[in-house]
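K.L.:
Just passing along the structure, written as structure tokens.
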Amino acid sequence: MPIRAYCTICSDFFDHSRDVAAIHCGHTFHYECLLQWFQTAPTKTCPQCRKQVTTRHIISKLYFDIGGEEEPSADPESLQAHHHPSKKNYAEREWRDKQKAVDGLKDTVDKQRRDLDSMRKEVMEKEMLCSALRKQMTYLETQQNDVQAAKEEAWRLRTKMKTFESLDVLLQGQRAEVESMITDMGISQAAVEQLSIFCISLKKEYDNLKGSLKSSNDMCEKLKREVLASNNKVTLLLMEVSKTKEEMKSLQNDLARADKEISSLKKKVEFLQKTLSTPTRTNEALSRLVFESPAPMELKQPRLHHPAGSEDIDLNMTYDITTPDDVAKRPKQVPSKKMRLDHPASSFSKHDEKSSCPNEDGSMDPFFRNSLLFRKKTFGSMLDPQRKTGAVKTGYDGLGGRTKFFQPSPLSEIRPLMKAKRKKVARPPPKIATCLTLDSFLE
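This is the structure:
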């Protein structure tokens with residue numbers, strides 16, 4: 281049997297199936313309804329009297345002592361009220377109103393939950409904004425520290441600049457400026473320290489200037505020595521240049537004299553050509569001797585060279601050379617009539633040996649010995665037409681160059697001398713005065 285009391289939150293009667301709770305103001309409610317009220321209400325107040333309460337003041341369960349059930353007496357008024365339709369409709373209407381209130385409360389709860397979610401999101405956004413602002417504040421603090429350090433550095437540099445300006449005034453300024461600066465500094469402890477710094481700086485600058493002066497003096501001495509050495513080298517070079525010019529001038533003079541000698545020799549050769557134009561055997565031999573280019577291998581090739589002892593040689597000078605005896609008058613064995621040819625290599629080696637001989641007189645003897653001018657015209661001599669030509673050789677052309685020429689074979693190989701029949705007749709010894717000479721050969 282329900283108790284004739286109801287919960288003002290849910291408008292339901294109290295019974296034994298649900299716990300009944302009370303708060304310190306004395307009002308009773310269902311325990312579940314009261315907890316739900318406290319969870320959804322914006323403020324924790326009593327649902328009926330609106331007094332401020334908390335969950336600690338809740339009496340979670342009330343116990344009622346109910347007597348035994350008796351058959352109620354039939355009360356006409358109660359029966360009439362119970363069965364009256366208007367009362368019943370009123371209860372239903374009241375229940376519907378309560379249900380609407382419950383639905384409204386549920387909507388309010390849902391709305392408040394949505395508001396709570398939005399507020400949570402807003403709180404998260406605010407927290408993120410706070411963290412960003414906190415980071416920005418940290419960055420700004422760092423920047424402020426850097427700015428403060430820069431200000432301190434600027435102040436320190438400004439102080440140092442002032443000190444350097446004062447030092448510059450001490451080093452570069454006039455006496456009056458220095459005295460006025462020292463007077464402006466005063467006599468305080470800072471001024472004394474500043475003056476001591478100035479003294480130390482001046483001493484260091486003085487030492488540096490002394491070192492610079494010493495290094496400059498050393499450099500000057502070194503440059504002076506280098507200039508002196510360069511002047512000596514220039515003097516030596518000028519002397520060498522003058523000497524070279526003199527040598528070149530002397531060489532040009534030698535070349536001019538050589539050109540004159542060459543032109544003179546050409547004139548003499550032309551004169552000899554005109555003289556030897558008559559076709560005789562002697563002239564033929566002389567023509568061959570003149571026109572052979574180069575001269576026979578037994579001769580040493582003429583070269584232009586500086587004379588020993590710086591003495592000029594007169595090309596017109598003649599030599600008194602003793603003419604050799606006739607071959608027929610010598611008590612020597614006459615070569616056989618059998619013709620013989622030497623190997624070209626042996627003749628070439630002989631030519632090398634003869635050409636390498638430094639003695640000019642030794643090379644002139646075979647020339648005069650084999651010359652046709654001092655041989656007796658015998659049978660089969662060189663004046664007869666030759667049947668054999670010489671070999672092609674390479675030698676000097678007489679002007680400092682090389683050329684190819686025909687090497688004539690020795691006369692004894694071309695046409696051996698015939699053994700003449702001699703009569704055993706005593707003959708007087710030859711006189712030197714009657715011998716032929718080359719004194720007037722080139723005149």
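For any residue, its number in this note's numbering is found by taking its place in the sequence shown, counting from 1, and adding 280. Glycine is no exception: its CB is placed at the ideal position from the N, C-alpha and C atoms.
Taking only the alpha-carbon atoms, compute the straight-line gap between Ile462 and Leu493 and give it to the nearest angstrom.
P.N.:
Here residue 462 corresponds to residue number 182 of the sequence shown, with the count starting at 1. Here residue 493 corresponds to residue number 213 of the sequence shown, with the count starting at 1. Distance between the alpha carbons of Ile462 and Leu493 is about 29 Å.
K.L.:
Quick one: Cα of Ser411 to Cα of Glu405, how far?
P.N.:
On the sequence shown, residue 411 is found 131 positions in, with the first residue counted as 1. On the sequence shown, residue 405 is found 125 positions in, with the first residue counted as 1. Going from the Cα of Ser411 to the Cα of Glu405 covers about 10 Å.
K.L.:
Using only the alpha-carbon positions, how far apart do Lys547 and Asn533 sit?
P.N.:
By 1-based counting over the sequence shown, the position of residue 547 is 267. By 1-based counting over the sequence shown, the position of residue 533 is 253. Distance between the alpha carbons of Lys547 and Asn533: 21 Å.
K.L.:
Give the C-beta separation of Thr422 and Ile477 to the nearest angstrom, bearing in mind that I take them to be a contact with Cβ-Cβ under 8 Å.
P.N.:
By 1-based counting over the sequence shown, the position of residue 422 is 142. By 1-based counting over the sequence shown, the position of residue 477 is 197. Not really, about 35 Å apart at Cβ, beyond 8 Å.
K.L.:
With Thr515 as the anchor, note down where its alpha helix (DSSP H) starts and where it stops.
P.N.:
Within the sequence shown, the letter at position 235 stands for residue 515. From DSSP, the alpha helix (DSSP H) with Thr515 extends over 469 to 555.
K.L.:
Where does the unbroken beta strand (DSSP E) through Ala456 begin, and where does it stop?
P.N.:
Looking up residue 456 in the sequence shown gives position 176. Per DSSP, Ala456 belongs to no beta strand (DSSP E); it is in the alpha helix (DSSP H), 455 to 465.
K.L.:
Specify the secondary structure class of Gly675 as computed by DSSP and reduced to three states.
P.N.:
Reading the sequence shown from its first residue, position 395 is the one you call residue 675. Correct three-state label for Gly675: strand.
K.L.:
What residue range does the alpha helix (DSSP H) around Thr325 cover?
P.N.:
Start at 1 with the first residue of the sequence shown, and residue 325 comes out as number 45. It is not in any alpha helix (DSSP H) - Thr325 carries neither H nor E in the DSSP assignment.
K.L.:
State the Cα-Cα distance for the pair Asp397 and Val389, rounded to the nearest angstrom.
P.N.:
Position 117 of the sequence shown, counted from the start, is the residue given in the question as residue 397. Position 109 of the sequence shown, counted from the start, is the residue given in the question as residue 389. Roughly 12 Å between the two C-alpha positions.
K.L.:
For Arg298 and Met417, I'd like the C-alpha separation in whole angstroms.
P.N.:
The sequence position of residue 298 within the sequence shown is 18, counting from 1. The sequence position of residue 417 within the sequence shown is 137, counting from 1. Those two C-alpha atoms are separated by around 58 Å.
K.L.:
May I ask you to report which of helix, strand or coil DSSP gives Thr334?
P.N.:
Position 54 of the sequence shown holds residue 334. Thr334 falls in the coil class under three-state DSSP.
K.L.:
Taking the beta carbon of Cys287 as the centre, do at least 16 other beta carbons fall within 10 Å, making it buried, or is it exposed?
P.N.:
Start at 1 with the first residue of the sequence shown, and residue 287 comes out as number 7. Burial call: buried.
K.L.:
Could you tell me the distance, in whole angstroms, from the CA atom of Tyr419 to the CA atom of Ala429?
P.N.:
Sequence index remark: in the sequence shown, residue 419 carries index 139 (1-based). Sequence index remark: in the sequence shown, residue 429 carries index 149 (1-based). Rounded to the nearest angstrom, the two C-alpha atoms are 15 Å apart.
K.L.:
Is it buried or exposed, Phe309, if we count other Cβ atoms within 10 angstroms and call 16 or more buried?
P.N.:
Counting from one through the sequence shown, the residue named residue 309 turns up at place 29. Its Cβ being crowded by 16 or more others within 10 Å, Phe309 is buried.
K.L.:
Assign Leu556 to buried or exposed, taking buried as 16 or more other Cβ atoms, counted over all protein chains shown, within 10 Å of its Cβ.
P.N.:
If you number the sequence shown from 1, residue 556 lands on position 276. By the neighbour-count rule (16 or more Cβ atoms within 10 Å), Leu556 is buried.
K.L.:
Would you tell me roughly how many angstroms separate the C-alpha atoms of Lys529 and Leu535, rounded to the nearest one?
P.N.:
On the sequence shown, position 249 is the one that residue 529 refers to. On the sequence shown, position 255 is the one that residue 535 refers to. The straight-line gap from Cα to Cα measures roughly 10 Å.
K.L.:
Would you tell me roughly how many angstroms separate the C-alpha atoms of Cys326 and Ile289, rounded to the nearest one?
P.N.:
Here the question's residue 326 lines up with position 46 in the sequence shown. Here the question's residue 289 lines up with position 9 in the sequence shown. Cα to Cα, Cys326 sits roughly 10 Å from Ile289.
K.L.:
Between Phe294 and Val300, is the Cβ-Cβ spacing less than 7 Å?
P.N.:
Start at 1 with the first residue of the sequence shown, and residue 294 comes out as number 14. Start at 1 with the first residue of the sequence shown, and residue 300 comes out as number 20. Taking 7 Å as the Cβ cut-off, Phe294 and Val300 qualify as a contacting pair.
K.L.:
Rounded to a whole number of angstroms, what is the C-alpha to C-alpha distance between Met465 and Asn497?
P.N.:
As a working note, residue 465 is residue 185 in the sequence shown. As a working note, residue 497 is residue 217 in the sequence shown. Their backbone Cα atoms lie some 39 Å apart in a straight line.
K.L.:
Which whole-angstrom value describes the C-beta separation of Glu485 and Leu451, a residue pair presumed to lie in contact below a C-beta threshold of 8 Å?
P.N.:
Counting from 1 along the sequence shown, the entry for residue 485 is found at position 205. Counting from 1 along the sequence shown, the entry for residue 451 is found at position 171. Right, their Cβ atoms sit about 7 Å apart.
K.L.:
Verify whether the separation of the beta carbon atoms of His304 and Gln328 is less than 7 Å.
P.N.:
Translated into positions along the sequence shown, residue 304 becomes position 24. Translated into positions along the sequence shown, residue 328 becomes position 48. For His304 and Gln328, no; Cβs fall outside 7 Å.
K.L.:
Let me know the secondary structure DSSP gives Lys684 once reduced to three states.
P.N.:
Residue 684 sits at position 404 when you count from the first residue of the sequence shown. Three-state DSSP puts Lys684 in a strand.
K.L.:
So for Ala285, helix, strand or coil by DSSP?
P.N.:
Looking up residue 285 in the sequence shown gives position 5. Residue state, collapsed to three classes: coil.
K.L.:
In the DSSP output, what is Val389 paired with across the bridge?
P.N.:
To locate residue 389, count along the sequence shown from 1; it is residue 109. Note: Val389 sits in no beta bridge, so no partner.
K.L.:
Determine the burial state of Tyr370: buried for a count of at least 16 other Cβ atoms within 10 Å of its Cβ, exposed for fewer.
P.N.:
Looking up residue 370 in the sequence shown gives position 90. Tyr370 comes out exposed.
K.L.:
Just verifying my parser: in three-state terms, what is the DSSP assignment at Phe444?
P.N.:
Indexing the sequence shown from 1 puts residue 444 at position 164. Here Phe444 sits in helix by DSSP.
K.L.:
Let me confirm a value: Cys637 is counted as buried when at least 16 other C-beta atoms fall within 10 Å, else exposed. Which label applies?
P.N.:
Here residue 637 refers to the residue found at position 357 when the sequence shown is read from its first residue. Because Cys637 sits at a pLDDT of 42, beneath the cut-off of 50, its placement in the model cannot be relied upon, and the following sentence gives the value as read from the coordinates. It is exposed - the Cβ of Cys637 has fewer than 16 other Cβ atoms within 10 Å.
K.L.:
Within 7 Å of any Cβ in chain D, is that where the Cβ of Leu475 sits?
P.N.:
The question asks about chain D, but that chain is absent: this structure has only one protein chain.
K.L.:
Please list, in chain order, all residues of the same chain as Ala302 whose beta carbon is under 7 Å from its beta carbon, the five residues on each side excluded.
P.N.:
The count along the sequence shown starts at 1 and reaches residue 302 at position 22. If we look at Ala302 and ignore the five residues flanking it on each side, its Cβ neighbours are Thr308, Ile339, Leu342.
K.L.:
Which word fits Leu482, buried or exposed, when buried means at least 16 other C-beta atoms lie within 10 angstroms of its C-beta?
P.N.:
By 1-based counting over the sequence shown, the position of residue 482 is 202. It is exposed - the Cβ of Leu482 has fewer than 16 other Cβ atoms within 10 Å.
K.L.:
Compare the C-alpha of Cys313 against each of Lys386, Arg373, Asp377 and name the closest.
P.N.:
Translated into positions along the sequence shown, residue 313 becomes position 33. Comparing Cα-Cα distances from Cys313 to each of Lys386, Arg373, Asp377, the minimum goes to Lys386.
K.L.:
Using 8 Å for Cβ pairs, my map puts Val449 next to Glu457. What's the rounded Cβ distance?
P.N.:
Position 169 of the sequence shown, counted from the first residue, corresponds to residue 449. Position 177 of the sequence shown, counted from the first residue, corresponds to residue 457. At roughly 6 Å, the Cβ-Cβ gap stays under 8 Å, so Val449 and Glu457 are in contact.
K.L.:
To the nearest angstrom, report how far apart Met408 and Arg436 are at their CA atoms.
P.N.:
What you label residue 408 is simply residue 128 of the sequence shown in a count that begins at 1. What you label residue 436 is simply residue 156 of the sequence shown in a count that begins at 1. If you take the alpha carbons of Met408 and Arg436, they lie about 42 Å apart.
K.L.:
Quick one: what does DSSP say Phe309 is sitting in, helix, strand or coil?
P.N.:
Counting from one through the sequence shown, the residue named residue 309 turns up at place 29. Residue state, collapsed to three classes: strand.
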